[in-house]
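Okay, structure first, notes after.
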Amino acid sequence: MNTRKTLVSVAAMATLLSAAACAAPEKENDTTTESGVDAASATSVEDFGSMDELVAAAQDEGELNVIALPPDWANYGEIISTFEDTYDITVNSDQPDAASQDEINAANDLQGTDRAPDVFDLGQSVALANTDMFAPYQVETWDDIPDEFKDPDGAWVNDYGGYMSIGYDSAVVPDVTSVKDLLGPEFKGKVALNGDPTQAGAAFSGVMMASIANGGSADDIAPGVDFFSELKKAGNFLTVDPDSTTIEQGTTPVVIDWDYLGSAAAANVDTWKTVVPEEAVVAGYYYQAINADAPHPAAARLWQEFLYSDEGQNLWLKGGARPVRGDAMAEAGTIDAELWDALPEVTGDPVVPTDDQTVTAGEYLAENWSKAIR
Numbered sequence: 111m112n113t114r115k116t117l118v119s120v121a122a123m124a125t126l127l128s129a130a131a132c133a134a135p136e137k138e139n140d141t142t143t144e145s146g147v148d149a150a151s152a153t154s155v156e157d158f159g160s161m162d163e164l165v166a167a168a169q170d171e172g173e174l175n176v177i178a179l180p181p182d183w184a185n186y187g188e189i190i191s192t193f194e195d196t197y198d199i200t201v202n203s204d205q206p207d208a209a210s211q212d213e214i215n216a217a218n219d220l221q222g223t224d225r226a227p228d229v230f231d232l233g234q235s236v237a238l239a240n241t242d243m244f245a246p247y248q249v250e251t252w253d254d255i256p257d258e259f260k261d262p263d264g265a266w267v268n269d270y271g272g273y274m275s276i277g278y279d280s281a282v283v284p285d286v287t288s289v290k291d292l293l294g295p296e297f298k299g300k301v302a303l304n305g306d307p308t309q310a311g312a313a314f315s316g317v318m319m320a321s322i323a324n325g326g327s328a329d330d331i332a333p334g335v336d337f338f339s340e341l342k343k344a345g346n347f348l349t350v351d352p353d354s355t356t357i358e359q360g361t362t363p364v365v366i367d368w369d370y371l372g373s374a375a376a377a378n379v380d381t382w383k384t385v386v387p388e389e390a391v392v393a394g395y396y397y398q399a400i401n402a403d404a405p406h407p408a409a410a411r412l413w414q415e416f417l418y419s420d421e422g423q424n425l426w427l428k429g430g431a432r433p434v435r436g437d438a439m440a441e442a443g444t445i446d447a448e449l450w451d452a453l454p455e456v457t458g459d460p461v462v463p464t465d466d467q468t469v470t471a472g473e474y475l476a477e478n479w480s481k482a483i484r
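Letter by letter, the sequence shown follows residues 111 to 484 in my numbering.
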């Protein structure tokens, strides 16, 4: 079947790496704005009085701290620069190549300082394990977001999503039509996975995709681990974390990653193609949340308003990702129709691991992954 352009949630494992923290000055505890609003307690724009007053409060703070947002990931580079230009607020982007658990570690290490992250962009398992760190907030476009894609109190909201895919340089390897193709001799020393699946959401979903393609299921990720063990024994698996640089340099000519990152790669590598294997369709959203300890609480809330505005959603769409408000915007006529219509149709039944399935798969990976690929 052809899936709709927006997605269903999928549990994505995130990193367990630690973020190194340096001493930083403590921030003031008083988050009351000049108009008398406690920005850290605001749960909607109404608490500020109006959008104009929220903007004014955020501009008084003057800064926003974000973390783990690579510029070429779902068009975050343009999203950040547009937010800065629109509101005259400086965005401090820390550790752009970090992953979900690094964000949480940084928030804990920098708690009470003006360097702590104001907002999070997280994989599902890390997000749901840390909801006590989030500040509830409902953006103005809240009603456009389907209930299954948000916490009812606004602690977290799904933001952008995509499908697990195989991206490849068609000038270097033959066309890929299935996961099992990657075992062929033409792929020797050429296949990379975006991260460690015991630590990174994209890699976790990549192993899940391989499992489903090899007779496994969301309840059984073991065939996916076995597949990568085979890939390693064949000499095809690269233990290199791919990014735009490794793709452009040809170091990683085949990459298992989200399809919107494949789209970004194609912008700089003319021969780059991306395929979502029909036999193993894995879909997923990331999670957006505000740090309850945000040093710039008004700017954090303005950032959320921007991301879920028509402009913000269309900027994610420009990056090849599927915005969570996409269907509602298409119906209202506010979506970028050309970009929306250009999203590739995905054929097959999407697999959506539940929280329990994700935990079980994560436990299996922790026990078996390193042994499988050493």
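Glycine residues also receive a C-beta, built at the ideal position from the N, C-alpha and C atoms. A quick note: this is a predicted structure, and the numbers were derived from the prediction, not measured.
Residue ranges of uninterrupted beta strand (DSSP E) with 3 or more members, entirely inside the segment 289 to 331 and ordered along the chain, are 301 to 303. When DSSP states are grouped into helix, strand and coil, SER275 belongs to the strand group. Collapsing the DSSP output to three states places TYR270 in a strand. Secondary structure in the segment 154 to 224: the beta strand (DSSP E) runs of 3 residues or longer, each lying completely within the stretch, are 173 to 177, 200 to 204 in chain order. Residue pairing of ASP231 in beta bridges, as defined by DSSP: GLN398. Two segments are said to touch when three or more pairs of C-beta atoms, one from each, lie closer than 8 Å; by this definition the segment 348 to 368 touches the segment 296 to 309. Put simply, of THR192, PHE230, MET274 the residue whose alpha carbon is nearest the alpha carbon of GLN205 is PHE230. Assigned with DSSP and collapsed to three states, ALA393 falls in strand. Note on LYS260: 16 or more other CB atoms within 10 angstroms of its CB, so buried under the neighbour-count rule. In the three-state reduction of the DSSP assignment, PRO433 falls in the strand class. Between the segment 347 to 364 and the segment 428 to 441 there are fewer than three inter-stretch CB-CB distances shorter than 8 Å, so the stretches are not counted as touching.
Under the three-pair Cβ rule at 8 Å, the segment 239 to 250 counts as touching the segment 149 to 156. It is roughly 15 Å from the alpha-carbon of SER235 to the alpha-carbon of GLY316. Separation of the CB atoms of ASN268 and TYR397 is rounded to 6 Å, and the pair is thereby assigned contact status at 8 Å. In the displayed model, ILE366 falls within a strand according to three-state DSSP.
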